[in-house]
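Participant: In the working numbering, the protein residues as written are -9 to 143.
1. Take every Cβ of the region 17 to 31, pair it with every Cβ of the region 42 to 57, and state whether three or more of those distances are shorter than 8 Å.
2. Check whether the Cβ of residue 59 lies closer than 7 Å to any heavy atom of the ligand FAD, and answer yes or no.
3. Only counting the same chain, and skipping five residues up and downstream in sequence, which positions put a Cβ closer than 6 Å to that of residue 67?
4. At a cut of 8 Å, does the region 108 to 119 reach the region 75 to 82 through at least three beta carbon pairs?
5. Judging by CA-CA distance, which residue of 69, -4, 73, 55 is the nearest neighbour of residue 45?
6. Mind listing, in chain order, the continuous alpha helix (DSSP H) runs of no fewer than 4 residues lying wholly within the region -3 to 84?
7. Between which two residues does the alpha helix (DSSP H) holding residue 105 run?
Following this line, the structure appears as structure tokens:
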């Protein structure tokens, strides 16, 4: 089970690097625009940081930090961003994010680490509900820029 998590995390890391490269070096957005327009990357980094902690001390508490934003931006992103042209690339990232969420959910029940899941999810809600609100407001107020970057317009 752990090997599957490692493979999925490596894939998540690779798509995070790719999307970061796209936003920062190809689209040349500013750092705050990268964080807010490519919210999948900070969400994935939160998960990957928690996964790294898990690999070293076998405690899954912090891996759950990325679950709420990965679900919101990744899984739900599959229904918001079009499935055509260059948008297939971020959609692959959304699928990988969702697979990581599924892996963590299954391993939570197999390993019965419900206390870690509860604490981690509460921390995720506390930290990322604020981030999601800020991100949604920013994107709403800069919709044309967002659509141009995603090549929707």
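Glycine included, every Cβ here is placed at the ideal spot set by N, Cα and C. Since we're looking at a predicted model, the values are computed, not measured.
Facilitator: Working from what's here:
1. Counting C-beta pairs closer than 8 Å gives fewer than three between the region 17 to 31 and the region 42 to 57, which falls short of the contact rule.
2. No copy of the ligand FAD occurs in the structure displayed, which carries no ligand at all.
3. 84
4. No: fewer than three Cβ pairs fall under 8 Å.
5. Of the residues 69, -4, 73, 55, the one whose Cα lies closest to the Cα of residue 45 is -4.
6. 21 to 27, 30 to 47
7. Residues 104 to 131.
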